[in-house]
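So the structure is just underneath, and the comments pick up after that.
Quick look at the structure:
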């Protein structure tokens, strides 16, 4: 399945941010690259991108991007681009081939699940008509009501389309499944109405009952995401929306959810613009954790408090590598695993620093034993996490508000350090972590007995 | 697919061990239960067992076993059992239904893969003829040459069958796939020859070119297992063979392979007869590890050496829970996981005991730091093991002679303790474990980059 991305227009409202508009960076990744990478995740391997206004920089970027992502990205010159966006469809006709094809906008961020749903329809034989992904949530806060293209629907078919339409049943999200019928409709729209735009062609097909709608909320997902990035304000809105989506991580415990994650997302917003990789961030977080352990091990309440602060800071920073990877399409098994392994070392060092602080002051061997129990309990908790999360997946659902993990552990260390109650923190960590491991064994045993 | 197990005969040569013979215990599990559980693993859910000699105890055992394993096990009385084992086939006719069925011997241990191969042939439409699993390894040391039933083969068909046959091409393993044709052949054999035995019926079908052979070595596996348990000597041989099969565990490191496993298998042979569960053994092993840690922490070279010996003993005993589970068909995800979690605690405590022994003698904080690195490195090694083994599966193959794991770690502790070189052992563990974690990260990173 090939995918057409019309990217020939001027996009004047974003001209101050980037020229041409498809290269406008959004959290470090150009708009059109986000669209291509999202479609590629859904399984699209061949792209036809029409270029016109400021064609050269766009062409250079895409020619480098294709080999980098292992995708076939062809640039097609559209000399008629000033007449309307539909001319791009006609210019790409040879590149698109005979069968059905996908159309995505260079400036509309799209949900991977929407692309997948369109591909599924194509596989199921939806070949000759036009299928437009329509957002039926009329209260979607990401939509600019003054600019959005509206549609009216009847029995899954589009009956009217246009910007001024009132009342309306949904919004044009810019993601289509189309076939050869679109070329004819576009030629007619240009010849008969002098308006070679996608909207005009859809209108002609709609009049013949040949334009269908894919209901984004019902056929894709209630929280399916899309946004049209037309001006600087929309760019900021899109940034906010992408960052907000980072909050939904199923394994986030309470401290992550309500303290670390909101802070790390703020940091990530700035880090996204810097030339730093997620794995480099993992290493920096680990270094900060080691420093925290060293400082905490020093005598005196001031060093203890400062170490605790550094530990909590590293716990916040620990969210950024994953967030940055997700924002930049850089998630990898290896990256997640490296982060987890480094976290285990940092855990051991932090608790050892705290233990030494207590022991150096008291000289009581029992305090070393408490430290040992805290370290082994913490390790065992991480060691059992995968198994436990697998067992609990059905019950966990979205978020695990009371999940005991690293976020809680480091937060207790931080509180103990700033309140000058190092031994108490150590005892609490040792007791909580080992009790939780015992509880997990008990839960796993019951699950095994029930199976 | 139903499975017939003729179990009506006298089995006089094993009468001193058990009465009736199918209940003869082999490493804690009766012969017929081993056959049924093996077939159940391969996917068989319905069994028809014919009973005759000493029917009542057998019936009682099977009536309890069915519900326990979630299997449909029906006992069919065979009043003619003394005439020959073929009478069991006729007695079970109504129970076996219309389609093809499996025949397994109550006293022939069979390989799960052989049953699977027969089932696959049945699915592929091998319905009317007879298919006998034939062992073409004429040098198989588990075969009693004086007692085995031999076959001659031609183009995959059986041309002759009998005990005295010489020369021959293979041995009758007692595992069949049969169809209604067998009933007719059996009736003829009884009527015409007065010999209602499976061998006689196969001979009749063979004469018509309707008895096929499944080559155990080529169609199942070169190391496919089977043994006919006819007398007390064969029972001991079967025990040896089952125990020997426990050696092939792919993740066993060098110390496991060449020291712990041979010893633990000897222990397991005796443990199999005791009413102890694998999970209870895991807990006992953990308790022994904790005791070893405590003793090692005491001052003086004698306590150190004794603690080291106890640690190595717990490392040997650590193999028994899994071996016992495999021997008794009691393997479970939960059991393996519990054992792994307890091992992590035991690891932490052992290294802590060794660390305290060193530190109490020297008072040098640097020695605590070495202990910390040994503990964190050991934990991190276990934490990275699943991921690493997954990556390495293709390269690991059978056995991992240089795999660094718990067996090596505890052995170093043991050597350090008995040689009164506790600090050296600690340094070696810390260095080796952390270096191996670093190597694993490096290997995983290369694998990720190559993908």
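Protein chains in written order, with the working numbering: chain A, 527 to 977; chain B, 527 to 977.
All C-beta atoms in this analysis are idealised placements derived from N, C-alpha and C, irrespective of residue type, glycine included.
From the DSSP output, in three-state form, read off residue i for me.
| i | result |
| --- | --- |
| residue 818/A | helix |
| residue 834/A | helix |
| residue 652/B | coil |
| residue 713/B | helix |
| residue 870/A | helix |
| residue 694/A | coil |
| residue 940/A | helix |
| residue 962/A | helix |
| residue 680/A | strand |
| residue 669/B | coil |
| residue 751/A | coil |
| residue 945/B | coil |
| residue 897/A | helix |
Between residue i and chain A, is there a C-beta pair that is closer than 8 Å?
| i | result |
| --- | --- |
| residue 874/B | yes |
| residue 971/B | yes |
| residue 898/B | yes |
| residue 860/B | yes |
| residue 935/B | no |
| residue 901/B | yes |
| residue 864/B | yes |
| residue 974/B | yes |
| residue 870/B | yes |
| residue 867/B | yes |
| residue 855/B | no |
| residue 913/B | yes |
| residue 957/B | no |
Beta carbon of residue i, beta carbon of residue j: below 8 Å?
| i | j | result |
| --- | --- | --- |
| residue 661/B | residue 696/B | yes |
| residue 549/A | residue 583/A | yes |
| residue 528/B | residue 572/B | yes |
| residue 751/A | residue 615/A | no |
| residue 970/A | residue 914/A | yes |
| residue 772/B | residue 646/B | no |
| residue 468/A | residue 629/A | The shown model of chain A, from 527 to 977, leaves out residue 468/A, and the question about it has no answer. |
| residue 876/B | residue 815/B | yes |
| residue 805/A | residue 864/A | yes |
| residue 850/B | residue 952/B | no |
| residue 800/A | residue 846/A | no |
| residue 903/B | residue 963/B | yes |
Mind checking which residues open and close the beta strand (DSSP E) that includes residue i?
| i | result |
| --- | --- |
| residue 889/B | Unbroken run through residue 889/B: none, as it is neither H nor E. |
| residue 636/B | 634-636 |
| residue 598/B | 598-603 |
| residue 528/A | 528-533 |
| residue 572/B | 572-577 |
| residue 628/B | 627-629 |
| residue 609/B | Element bounds for residue 609/B: n/a, residue is neither H nor E. |
| residue 740/A | 737-741 |
Taking residue i as part of the alpha helix (DSSP H), name the residues at either end of that continuous run.
| i | result |
| --- | --- |
| residue 765/A | 758-771 |
| residue 847/B | 846-853 |
| residue 586/A | 581-595 |
| residue 514/A | What is shown of chain A runs 527 to 977, which leaves residue 514/A out entirely. |
| residue 487/A | No answer is possible for residue 487/A: the residues shown for chain A start at 527 and end at 977. |
| residue 802/A | Residue 802/A -> no alpha helix (DSSP H), and no H or E assigned at all. |
| residue 797/B | 787-797 |
| residue 557/B | 557-567 |
Please decide whether residue i counts as near chain B, where near means a Cβ-Cβ distance under 8 Å.
| i | result |
| --- | --- |
| residue 910/A | yes |
| residue 811/A | no |
| residue 709/A | no |
| residue 568/A | no |
| residue 818/A | no |
Determine the burial state of residue i: buried for a count of at least 16 other Cβ atoms within 10 Å of its Cβ, exposed for fewer.
| i | result |
| --- | --- |
| residue 634/A | buried |
| residue 776/B | exposed |
| residue 626/A | buried |
| residue 689/B | exposed |
| residue 607/B | buried |
| residue 977/A | exposed |
| residue 733/A | exposed |
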